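Here's the structure, in structure tokens; my notes come after.
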Amino acid sequence: MATAVIETGERETYLNREYGIKSWLLTVDHKRIALLYLIGVTFFFFVGGFFALLVRLELLTPAGDLVQADTYNKLFTMHGQVMVFFFLIPVIPAVLGNFLIPIMIGAKDLAFPRINLLSWYLYVIGGCLMAYTILAGGVDTGWTFYTPLSTEFLKTNVITAALAVFVSGFSSIFTGLNFIVTIHRMRAPGMTWNRLPLFVWAHYATSIIQVLGTPVVAIAIVLVALERLFHLGIFNPALGGDPLLFQHLFWFYSHPAVYIMILPGMGIVSEIVCCFSRKRVFGYQAMAMAVLGIAVVGFLVWAHHMFVAGISLYAALIFSLLSYFVAVPSAIKVFNWTATMYKGSITYQTPMIYAFGFIGLFTIGGLTGLFLACLGVDVHVTDTYFVVAHFHYIMVGGTIMAYMGGMHFWWPKISGKLYPEFWGKLSAMIVFIGFNLTFFPQFILGYMGMPRRYWDYSKAPEYQILNVLSTAGASVLAVGYLMPMIYFLWSMRYGKPAPDNPWNAAGLEWMIPSPPSTFNFDEQPVVTWEAYNYDEIKGEVPVAQ
Amino acid sequence: MSDHNSSSEHISSIGSSVAIWLALLVGTALTVGAAYVDLGPFNVVVALAIASIKATLVVLFFMHVKYTHEKLTKMVIATAIFFFLILLVLSMADYGTRLWT
Amino acid sequence: MLENIPFWPVRASTTANNVDAVFIFLLVVSALMTMSIFTMVIYFAVRYRRRAGRPAEQIAGSHALEITWSIIPFCVFMVFFGWGAIIYFQERTPPQNAAEVYVVAKQWMWKAEHMEGQREINQLHVPVGRDVKVIMTSQDVIHSFFVPAFRIKQDVLPGRYTVAWFHATKPGTYHLFCAEYCGTLHSGMIGWVVVMEPKDYEAWMGGGGNQPLAVTGEKLFTELGCVTCHRSDTQGRGPNLVGVYGKPVMLEDGRTLTADENYIRESIVDPGAKIVKGFKPVMPTFQGQISDDQLNALVAYVKSLGQPQSSQTAGKNMAAATP
Amino acid sequence: MHNSSVATANIEAHDNPALLHHFATAEQQKDAANLGMWLFLVTEVMFFGGMFCAYLVYRYKYFGDFGSASQQLSIKLGAINTGVLICSSLTVVLAVRAAQLGKRTVLVFWLLATIVLGLVFLGIKADEYAEKFEKHHVPGPSFHYHELLPGQAGLPSTDRRYANPSHAEMYFSLYFAMTGMHALHMIIGVGLFSFLTYFAWRGKYSPDYYTPIENAGLYWHFVDIVWIYLFPLLYLIDRHR
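Protein sequence lines correspond, in order, to chains Z, E, R and H.
If you use our numbering, the first sequence corresponds to residues 172 to 716, in order.
If you use our numbering, the second sequence corresponds to residues 5 to 105, in order.
If you use our numbering, the third sequence corresponds to residues 2 to 324, in order.
If you use our numbering, the fourth sequence corresponds to residues 461 to 701, in order.
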């Protein structure tokens with residue numbers, strides 16, 4: 172413990188304060204828990220990515236030749252479930268949010284450190300159930316669990332998959348609850364709501380969705396499991412039930428869940444754009460209100476996933492209209508980031524390159540969302556590759572770009588080491604190119620009419636060229652994602668020690684040592700400045716190397 | 005430190021608690037009684053109105069929300085009710101208009 | 002013109018023209034928005050790159066600008082909404098005199114039943130230049146009827162009818178896909194929509210020999226004993242069904258609703274659900290006793306009752322009504 | 461306010477054994493726990509909300525059948541159980557009061573009373589469930605239902621209408637799902653209160669620290685409120701006919 176620190180003469184940090192497996196598995200330190208999550212989400216990212224690669228390889232040729240139809244259905248189902256529930260939803264809040272929120276608001280920890288650890292254990296239990304589901308033969312419901320297919324017809328491990336989602340859902344609920352209480356109750360003196368970093372605002376909005384939305388999908392999933400076990404009939408038309416009710420309950424959560432994934436990413440991008448433009452954010456209040464607006468209005472639009480599902484014509488009109496309302500705050504975000512760069516002093520380090528990527532890809536993803544909200548067009552493109560491309564632009568192009576940008580931005584703080592800037596830039600470019608090559612062709616495929624979740628398109632060979640491009644892009648993307656994995660690990664051992672504030676960035680997290688000590692602050696900080704006070708910060712972003 | 009001053013330090017008196025308790029019991033009797041009277045479509049309305057009054061009494065007095073100086077608690081409750089109603093209303097926007105032509 | 006653009010899907014229905022029009026409009030507006038954002042980002046990134054002696058200028062923001070770039074996109078969005086809604090409204094309201102065809106989906110095939118009695122699997126033959134209404138139901142899970150060339154898609158649900166319609170404009174053979182994941186061979190649940198010139202279509206029909214669907218329904222109506230109560234006068238124990246289709250029905254509980262396909266279907270499988278005013282709930286349920294095919298035939302028959310003779314045989318048939 | 465609470469932070473930090481290290485003051489800790497509990501109740505509202513939504517949809521669709529099935533429940537038992545829960549809410553209020561006043565034995569007494577009332581509720585509920593099993597009103601293969609729709613008993617026998625069994629089964633599915641989930645919450649509550657009783661007996665709570673009692677009380681009241689809605693919605697449909 173502490174003795175080891177004294178002997179080597181190192182400063183005591185959260186990383187070296189204690190050693191041994193127990194000091195990690197029983198820790199209540201939000202920073203260590205963040206690292207535990209990091210291991211989990213990274214593992215599931217590569218599991219889900221592996222499934223994705225197999226899916227793409229199968230689609231290289233029109234015939235269903237690489238795997239069996241059943242296997243293919245399991246692959247895209249498990250790709251979806253793993254990526255959505257075990258990677259995208261926890262990734263930014265549970266890793267970066269967990270690590271940074273207490274520090275950014277000047278607190279020693281989250282409000283409920285033990286519940287934070289409980290969240291991680293729930294995530295792990297959910298993850299084990301998911302892993303069991305995969306190893307026991309998989310599940311082929313599609314990530315959406317649509318009834319009555321999932322309840323009455325499939326013979327796979329639907330119940331364990333449902334249970335995995337249910338348990339990980341509670342992990343997400345408790346994380347959100349913890350964040351809300353922390354942001355309300357644990358802010359340092361002087362850290363008023365108008366001084367919160369936008370990263371914190373974004374997580375606040377995200378947490379609201381987690382707390383309000385997740386329980387509804389939890390009960391929907393419980394009803395699916397009960398229906399499968401006891402044939403209750405709540406979603407089974409043969410017994411008088413309505414399968415659309417499941418879709419309503421499912422999308423009540425799962426549409427806002429998209430915002431659980433993207434809002435924290437927006438928070439990261441706000442931090443990065445300000446830092447590398449050396450500027451205050453343009454329109455702080457509008458940016459903060461925009462994330463809250465997205466979180467609230469995001470709850471009013473769910474049935475736009477159901478325009479062709481057999482809902483009432485009038486309900487479809489209402490939901491289409493409301494869907495356009497949610498686009499306005501998203502547009503504000505993009506315009507304000509752009510305006511933030513105006514008259515800045517911009518440098519292009521890795522995080523900023525990822526942020527550029529985010530803005531570009533999120534713009535395309537968001538605008539194609541307008542196509543899907545447009546009733547007449549949605550009828551044609553829903554359930555085709557157009558939708559697949561759209562949500563990958565948001566979730567991969569948006570969330571993962573932002574996450575990668577954030578990991579590079581805060582890696583010096585988290586690990587105390589600098590990553591190699593050249594490789595960082597290279598990987599960012601590769602990810603950007605690989606991503607567009609993978610998913611842009613899918614927009615065209617979708618408008619051509621290729622339905623999603625197709626294992627075999629040999630009757631429609633005209634789709635092959637674009638599928639080949641997409642698969643090629645996926646391989647490039649895989650390289651782009653593996654590279655940071657390697658050099659981050661490399662830098663932990665061989666990287667140069669990071670200074671406390673390698674980017675000369677604003678914010679409380681840059682005023683404490685890298686890596687931080689266990690209790691973050693030696694003294695209670697008192698905040699007397701606005702967020703992004705780059706006019707008061709001396710110096711520029713140091714040019715790398 | 006945080007943006008409020010005090011949580012519910014209110015100590016409820018036995019008298020007022022018993023009064024609320026009696027009101028809740030009376031409400032239960034009323035709701036059973038009203039169920040046997042034919043009020044047409046208003047049977048449901050009356051039943052839900054009585055239930056809501058009872059729930060409000062519990063929230064305000066038993067859960068001390070009336071005495072708290074904390075606006076946040078009230079906002080949290082309002083949020084829960086709002087989103088619960090969103091779930092019901094927008095779902096029924098579908099079911100209620102399916103037969104319209 | 003569009004046909005010359007690589008990868009642009011073939012257009013073979015009136016709906017396709019409408020959808021393409023709004024799609025192109027969206028595409029152009031989005032492209033302009035994307036271009037303007039990208040241009041600004043790239044321009045700022047280059048123009049305001051770090052230079053010695055030129056620190057960043059702090060700008061707190063501008064509500065005027067923010068309001069501008071909220072309201073202008075919002076107005077554009079409302080155009081998207083309105084245009085899309087109009088097309089959707091058309092897609093959801095089939096023309097009155099459309100020819101009809103019944104489609105039953107099951108894992109993993111499409112079965113079509115024409116009014117003339119022809120049945121086909123994974124194929125749907127239709128004449129060009131005719132409004133065609135597809136009345137669909139599923140025997141098991143949710144499927145989705147998707148014809149990219151027509152730009153139409155409609156989920157097919159078990160336990161009820163959903164409806165799609167189109168007006169084919171160009172002869173040819175087009176993909177018919179299942180677009181809602183429906184289990185193992187989802188991607189095998191595909192077929193062809195064959196749009197034919199009217200004379201080819203009549204030739205395909207082969208001049209009859211099949212029993213029209215409504216006639217099948219009429220036989221069933223007798224065999225199942227429906228006819229004993231549902232008489233064509235006012236003396237029956239059940240309502241007179243002549244001319245009931247498409248008309249308002251007064252129910253015992255005071256509601257009034259239109260007798261559409263789903264109403265007729267429900268009245269057969271769950272007769273107690275909606276009792277017509279003035280009648281007793283004496284009808285037994287036929288749930289589980291008749292197949293979806295038989296149900297379609299019965300519905301087709303009930304709908305044909307009281308239609309003018311010409312339209313009973315011709316109006317809903319695709320071949321005879323061609324010009 | 462801000463500065464003063466910082467100033468007090470270090471003074472208070474080592475005095476109160478219940479104060480966790482990352483909080484500055486006991487008040488901050490209490491407020492955090494209180495807000496946390498309320499947020500948890502929000503998630504519970506939405507959790508039950510999903511089932512209420514399902515209930516609403518099917519009651520709207522199958523109104524008569526739901527009325528018929530509802531009349532298979534005993535109003536008497538339902539009303540008694542409502543009363544039992546309301547009484548238990550009162551005992552919880554009195555328990556919190558006792559904790560605030562630092563009266564240990566009174567606190568233990570009211571906590572025990574709450575547990576007893578909770579168990580009475582569960583007992584009556586179990587009895588109702590048992591009756592459903594006997595009458596084959598439990599959804600599943602053995603489900604059997606042949607009952608009139610509401611208001612039909614007075615009609616000539618040929619005119620009487622019977623409820624659609626599969627719609628009645630839907631009612632009972634929802635009945636068991638909703639009351640079952642409620643009962644599960646009751647069981648958790650009873651367990652929670654058992655722990656509290658033990659710790660209260662050991663003298664863990666004082667006027668300075670009674671947050672667990674208060675929060676468990678909030679939970680219990682919430683479960684009570686759920687029942688306040690379940691009772692009219694499940695037991696009192698169309699009783700006048």
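No residue lacks a Cβ here, since even glycine has one placed at the ideal position from N, Cα and C.
All values reported here derive from a predicted model rather than from experimental measurement.
Per-residue burial, residue i [other beta carbons within 10 Å of its own, 16 or more giving buried]
i	result
R:P240	buried
E:V49	exposed
H:D698	buried
E:H73	exposed
Z:Y294	buried
Z:E694	exposed
R:A322	For R:A322, the predicted model reports a pLDDT of 45, less than 50, meaning its position is unreliable and no value from the coordinates is stated.
E:V41	exposed
Z:Q456	exposed
H:Y518	buried
Z:E442	buried
H:F500	buried
Z:V271	Looking at the sequence provided, one finds Leu at residue 271 of chain Z rather than Val. So Z:L271 counts as buried.
H:G524	buried
Residues bridged to residue i (per DSSP)
i	result
Z:K514	None; Z:K514 has no bridge partner.
R:Y103	R:E114, R:I136
R:K154	R:F147
R:P159	R:S139
R:V250	R:L258
Z:P622	Z:T555
R:L296	R:L296 is not bridged to any residue.
R:V277	R:L252
H:S666	H:Y669
Cβ-Cβ separation, residue j to residue i (assumed contact under 8 Å), whole Å
i	j	result
Z:T511	Z:V467	So it is not a contact: roughly 24 Å between Cβ atoms.
E:T32	H:T542	5 Å
Z:V567	Z:V558	Their Cβ separation, rounded to whole angstroms, is 14 Å, which puts Z:V567 and Z:V558 out of contact at 8 Å.
Z:I392	Z:V336	6 Å
Z:R449	R:A57	4 Å
N-terminal and C-terminal residue of the alpha helix (DSSP H) that residue i is part of
i	result
Z:R664	635-665
Z:P583	572-586
R:E121	Run containing R:E121: none in the alpha helix (DSSP H); it sits in the beta strand (DSSP E), 120-122.
R:G83	64-93
R:C179	Note, R:C179: premise wrong, no alpha helix (DSSP H); beta strand (DSSP E) at 173-179.
H:P672	671-690
H:Q488	486-521
R:T373	Residue 373 of chain R is absent from the structure shown; chain R starts at 2 and stops at 324.
Z:Y525	521-544
E:Y47	Checking the sequence shown, residue 47 of chain E turns out to be Asn, not Tyr. Start and end: 46-61.
Span of the beta strand (DSSP E), counted from its first residue to its last, around residue i
i	result
R:A165	163-168
R:L258	257-259
R:V196	192-197
Segment contact flag, the segment 303-319 of chain Z with the segment 398-411 of chain Z, C-beta cutoff 8 Å, min 3 pairs
At 8 Å Cβ cutoff, the stretches touch.
Per the contact definition of three or more C-beta pairs closer than 8 Å, is the segment 125-134 of chain R in contact with the segment 193-208 of chain R?
Of all C-beta pairs linking the segment 193-208 of chain R to the segment 125-134 of chain R, three or more are shorter than 8 Å, placing the two stretches in contact.
Inter-stretch contact at 8 Å, needing at least 3 Cβ pairs: the segment 177-197 of chain R / the segment 32-45 of chain R:
Result no; under three Cβ-Cβ pairs closer than 8 Å.
Would you call the segment 389-402 of chain Z and the segment 537-545 of chain Z in contact, with 3 or more CB pairs under 8 Å?
No: fewer than three Cβ pairs fall under 8 Å.
Touch check for the segment 477-487 of chain Z and the segment 156-172 of chain R: three-plus C-beta pairs under 8 Å?
Using a Cβ-Cβ distance cut-off of 8 Å, the segment 477-487 of chain Z and the segment 156-172 of chain R are in contact, since at least three pairs of beta carbons, one from each stretch, lie closer than that value.
When you compare the segment 521-536 of chain H with the segment 599-617 of chain H, are there three or more beta-carbon pairs, one atom per stretch, that lie closer than 8 Å?
Contact between the segment 521-536 of chain H and the segment 599-617 of chain H is present: three or more C-beta pairs spanning the two stretches fall below 8 Å.
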